[in-house]
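Presented below is the structure to which this report refers.
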Amino acid sequence: MKIPWNIFFHLLLSLLVPLALTLVAWFFRDILIPSNVLLIYLLGVFFVAIQFGLFSSVLASLISAAAFAFFFAPPIFSLKIADFDNLMGLVIMLIVGTVTSKLTENLRVKSKLIENKERKASALYGLSKALAESRSEKEIIHVAVHHIYAEFKSLNTFLFPDRQRLVHYPDESPLNISLQTVDLNVANWVFQHGQMAGKDTDNLPNESCVYIPLNCSLGTIGVLAMNPIELIEEQQQFLETFVTQIIHALERAKLAEQAKEATLKMQTEALRNSLLSSISHDLRTPLATIIGAATTLETDAERLTENNRKKLANAIAEEAQRISDLTTKILEMAKLETGEVVLNKEWYAPEEIIGSALRCLDKKLKYRQINLHIAQDLALIHVDAVLLQQVIVNLLDNADKYSPVEQPIDIFVEPNTSNLTISIADRGLGISENLLEKIFDKFFQIHTESAQSGVGLGLSICRAIVEAHGGEIHALLREGGGLEMKFNLPVLEKPPVMDLEENGLTL
Amino acid sequence: MKNTSPLLLVVEDDPQFRSLLTTTLENQNYSVVAMSTGRDGLVEVRSQRPNLLILDLGLPDIDGQTLICRLRTWTDLPIIVLSARNQESDITLALDNGADDYLTKPFNTAELLSRIRALLRRTAKLPNAIQEIFQVDNLKVDLTKRQVFVAEKEIHLTPIEFNLLSILVRNAGFVVTHRQLLEKIWGASYVEHSHYLRIYMRQLRQKLEIDCARPRYLLTEAGIGYRLYDGEN
Numbered sequence: 001m002k003i004p005w006n007i008f009f010h011l012l013l014s015l016l017v018p019l020a021l022t023l024v025a026w027f028f029r030d031i032l033i034p035s036n037v038l039l040i041y042l043l044g045v046f047f048v049a050i051q052f053g054l055f056s057s058v059l060a061s062l063i064s065a066a067a068f069a070f071f072f073a074p075p076i077f078s079l080k081i082a083d084f085d086n087l088m089g090l091v092i093m094l095i096v097g098t099v100t101s102k103l104t105e106n107l108r109v110k111s112k113l114i115e116n117k118e119r120k121a122s123a124l125y126g127l128s129k130a131l132a133e134s135r136s137e138k139e140i141i142h143v144a145v146h147h148i149y150a151e152f153k154s155l156n157t158f159l160f161p162d163r164q165r166l167v168h169y170p171d172e173s174p175l176n177i178s179l180q181t182v183d184l185n186v187a188n189w190v191f192q193h194g195q196m197a198g199k200d201t202d203n204l205p206n207e208s209c210v211y212i213p214l215n216c217s218l219g220t221i222g223v224l225a226m227n228p229i230e231l232i233e234e235q236q237q238f239l240e241t242f243v244t245q246i247i248h249a250l251e252r253a254k255l256a257e258q259a260k261e262a263t264l265k266m267q268t269e270a271l272r273n274s275l276l277s278s279i280s281h282d283l284r285t286p287l288a289t290i291i292g293a294a295t296t297l298e299t300d301a302e303r304l305t306e307n308n309r310k311k312l313a314n315a316i317a318e319e320a321q322r323i324s325d326l327t328t329k330i331l332e333m334a335k336l337e338t339g340e341v342v343l344n345k346e347w348y349a350p351e352e353i354i355g356s357a358l359r360c361l362d363k364k365l366k367y368r369q370i371n372l373h374i375a376q377d378l379a380l381i382h383v384d385a386v387l388l389q390q391v392i393v394n395l396l397d398n399a400d401k402y403s404p405v406e407q408p409i410d411i412f413v414e415p416n417t418s419n420l421t422i423s424i425a426d427r428g429l430g431i432s433e434n435l436l437e438k439i440f441d442k443f444f445q446i447h448t449e450s451a452q453s454g455v456g457l458g459l460s461i462c463r464a465i466v467e468a469h470g471g472e473i474h475a476l477l478r479e480g481g482g483l484e485m486k487f488n489l490p491v492l493e494k495p496p497v498m499d500l501e502e503n504g505l506t507l
Numbered sequence: 508m509k510n511t512s513p514l515l516l517v518v519e520d521d522p523q524f525r526s527l528l529t530t531t532l533e534n535q536n537y538s539v540v541a542m543s544t545g546r547d548g549l550v551e552v553r554s555q556r557p558n559l560l561i562l563d564l565g566l567p568d569i570d571g572q573t574l575i576c577r578l579r580t581w582t583d584l585p586i587i588v589l590s591a592r593n594q595e596s597d598i599t600l601a602l603d604n605g606a607d608d609y610l611t612k613p614f615n616t617a618e619l620l621s622r623i624r625a626l627l628r629r630t631a632k633l634p635n636a637i638q639e640i641f642q643v644d645n646l647k648v649d650l651t652k653r654q655v656f657v658a659e660k661e662i663h664l665t666p667i668e669f670n671l672l673s674i675l676v677r678n679a680g681f682v683v684t685h686r687q688l689l690e691k692i693w694g695a696s697y698v699e700h701s702h703y704l705r706i707y708m709r710q711l712r713q714k715l716e717i718d719c720a721r722p723r724y725l726l727t728e729a730g731i732g733y734r735l736y737d738g739e740n
């Protein structure tokens, strides 16, 4: 409906322009000679040619010729032209008008083409810029759906395969411009065969949508489904370019993902290696002592003095204890890492857990002064007592290991509005500030190969346990020297209420 | 002195560990029968009537827990269970099923011997259970008169506090699980309400202990239960 109106409008203007010029020239007819008037008409023809194309301009030049003959070339008010010069002028105007119209028309078509190309280039540029800025497959699809809709005015959606290699709609909720009337059977056929299908294609032309496979070096990675559009060949090519860009972006995202996985795998591998070397060192050293002492006892028992026999037996017991502690830690870490640990949370009194941790280290801390700073009647906390006790034991054990025995260890338990803070502070040498976070890394040891060293898992276990409880643990340098290990446990729920006995009721 | 030494039955599937236990126990003048499977263990309990059973929880044929349950249907034979570390839930279950004490592997043989002595002593006491006065260090509990003294000073306890303390006194030196305490004091429907126990234990400690965070008498076995110190280590 639009196009005839357009033409009608163009034709009307091609009539009006020469008529308007006639009016103007008529007004100045006393000062203009007829050949000048012809030039004015020529100007009008050019204008029409530029604006409305060849057909309109030819029409305009014919009307101009007629108007010239009628109004300006003597005899006036007659189509006759008496003067030969005027007749020649008119003929030349017609020829020049037609030729320039033709030339302008060519220019017009060319400039239209350029304009079109430019628009496409800018659309492509917009797409590739947005794609380059997308970080994930999800973002890429988001960008792609929007740009395809903006460019081709077609609802569309991207379908990707699941583990069973069947394509399905994206997991996230559809956009308002997402196509939601896809035949998944057709989409799967397209995905498996890597060929286009749907309306106006060679496969299933009766379908209502068009299905385009996303083919790249990794094979067919998905399917683009869209509402069909009237595509002239040029548009078709443009759509292909568009889709190719999107495919490349998707391919890039997939490759990046794979690279990330590979890096992660490498890191896990490196971790495993450091675990193995650490374990083999820390297990072999005590084992050497155990085997050595045991074989001596086995073969030379009668030649050993009572005292030396005791020494050897003692060495075996101590080294075996070391191996035992080590294996416990490794197993615990492994359990925490694999997420196998289910917190067995119950309500506990904080001071009770501190107490049982202290009892575990009874022998070790025999000569150590421990100062407890625990508020009275602390609210019960909902925790896994065994794991929490482990945290406190590990921290106390470290404090004991790395501070001189005559220095006291302080334990603070402070309730806050939303959490309970527990800290264990020593007066040892502390550590350099840049190691405060590093000491929580797995297998991190300050003094490697020293007799004191464990496997470097104690603090990582602490962190894993505290984090499993939703808390945080940090190391701080203490004012006046020493290290303070501070962790908090969020108080998420209030202890359940209970009916207590009446206090007056005593025995 | 009795002329026959107590008979101990060891049920443990690892041959090295079994032989270690046998040697250690025989060295202490106990008679020892060692078995490697739960089935053989059950047979020996019936035929030999041992004075005490040392049972490894991880047996190849019968689950240790099942074995304890079966034994408890007809005998009060004292049972010490051995379990791998970090398996508090297994230990608790074994105790709830009727085991008397536990040790986690690896353990020190001195520890095992002291547990065995304590258990045998308790069994020997049972017939003349008139010993109603318990005393350790400064703590004195008179179960008949329902009186509690710390350093000769009488302490007033609420009925529940006394109830809690008396259960621990009757099992002095042995761990009593959370579940057992909750069930005996508040009833079977309260076994999940562990916070009751915590609050009363705190009150009891505040009355009996010098430092609640470092209890001397009322000891916590994390994740398992409570044990009243009985003077033995």
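Note that the protein sequences, when read in sequence, are chains A and B.
Residue numbers for the first sequence follow the numbering used here, so the first one is 1 and each next one is one higher.
Residue numbers for the second sequence follow the numbering used here, so the first one is 508 and each next one is one higher.
The beta carbon of each residue, even a glycine, is placed where N, CA and C say it ideally should be.
From a predicted model like this one, the values you see are computed outputs, not experimental measurements.
Please list the partners that residue i has in chain A, where partner means a Cβ-to-Cβ separation under 7 Å.
i, result
"THR529/B", "Here the premise fails: no neighbours, minimum Cβ distance about 18 Å."
"TYR703/B", "MET498"
"GLU595/B", "VAL386"
"ARG709/B", "ALA349"
"ILE674/B", "In chain order: nothing, as chain A lies at least about 16 Å away."
For residue i, which residues in chain B fall below 7 Å Cβ to Cβ?
i, result
"ARG359/A", "LEU726"
"SER324/A", "PRO613"
"GLN389/A", "ALA729"
Taking residue i as the query, report the chain A residues whose CB atoms sit under 9 Å from its CB, ordered along the chain.
i, result
"CYS719/B", "ALA349, GLU351, GLU352, GLY355, ILE374 and GLN376"
Chain B beta carbons: is any one of them nearer than 7 Å to that of residue i?
i, result
"VAL466/A", "no"
"LEU276/A", "no"
"GLU449/A", "Residue confidence for GLU449/A is low, a pLDDT of 47 falling below 50, so the modelled location carries little weight; the figure read from the coordinates is stated next. So no, GLU449/A is outside the interface."
"PRO495/A", "yes"
"SER403/A", "no"
"LEU395/A", "no"
"LEU380/A", "yes"
"THR506/A", "No answer about THR506/A holds up, because its pLDDT of 38 lies below 50 and its placement is not dependable."
"PRO490/A", "no"
"PHE487/A", "no"
Can a CB atom of chain A be found closer than 7 Å to the CB of residue i?
i, result
"ALA541/B", "no"
"ALA729/B", "yes"
"PRO454/B", "The structure shown does not extend to residue 454/B, since chain B spans only 508 to 740, so no value can be given for it."
"PRO613/B", "yes"
"ASN510/B", "Confidence at ASN510/B is low in this model, with a pLDDT of 49, below 50, so its placement is unreliable and the value that follows should be read with caution. Judged by the 7 Å Cβ criterion, ASN510/B is not in contact with chain A."
"GLY738/B", "no"
"SER526/B", "no"
Identify every residue that forms a DSSP beta bridge with residue i.
i, result
"ARG734/B", "VAL682/B and LEU726/B"
"HIS382/A", "TRP347/A"
"PRO415/A", "LEU420/A"
"GLY219/A", "CYS216/A"
"PRO490/A", "ASN419/A"
"ASP563/B", "LEU589/B"
"VAL45/A", "Beta-bridge pairing links VAL45/A to no other residue."
Run down chain A in chain order and give the residues with a C-beta less than 8 Å from the C-beta of residue i.
i, result
"PRO722/B", "GLY355"
Can you name the residues of chain B whose CB is closer than 8 Å to the CB of residue i?
i, result
"SER460/A", "Near SER460/A there are no residues of chain B at all, since even the closest Cβ is about 17 Å away, more than 8 Å."
Interface residues of chain B around residue i at Cβ under 9 Å?
i, result
"ASN344/A", "GLU595, SER596 and GLY730"
Does the count of Cβ pairs from the region 563-573 of chain B and the region 535-551 of chain B closer than 8 Å reach three? yes
Inspect the CB distances between the region 319-329 of chain A and the region 348-362 of chain A and report whether three or more fall short of 8 Å. no
Taking 8 Å as the cut-off, does the region 413-421 of chain A touch the region 370-385 of chain A (at least 3 CB pairs, one atom from each stretch)? yes
Report yes or no: do three or more beta-carbon pairs, one from the region 61-72 of chain A and one from the region 95-102 of chain A, lie closer than 8 Å? yes
Report yes or no: do the region 454-469 of chain A and the region 326-346 of chain A share at least 3 C-beta pairs separated by less than 8 Å? yes
Tell me, please, whether the region 43-59 of chain A touches the region 13-25 of chain A by the rule of three or more beta-carbon pairs shorter than 8 Å. yes
With three or more C-beta pairs closer than 8 Å as the rule, is the region 252-264 of chain A touching the region 184-202 of chain A? no
Measuring CB atoms only, is the region 398-418 of chain A touching the region 367-378 of chain A, in the sense that at least three cross pairs come out at less than 8 Å? yes
Count the CB pairs spanning the region 70-87 of chain A and the region 21-38 of chain A that are closer than 8 Å, and state whether there are at least three. yes
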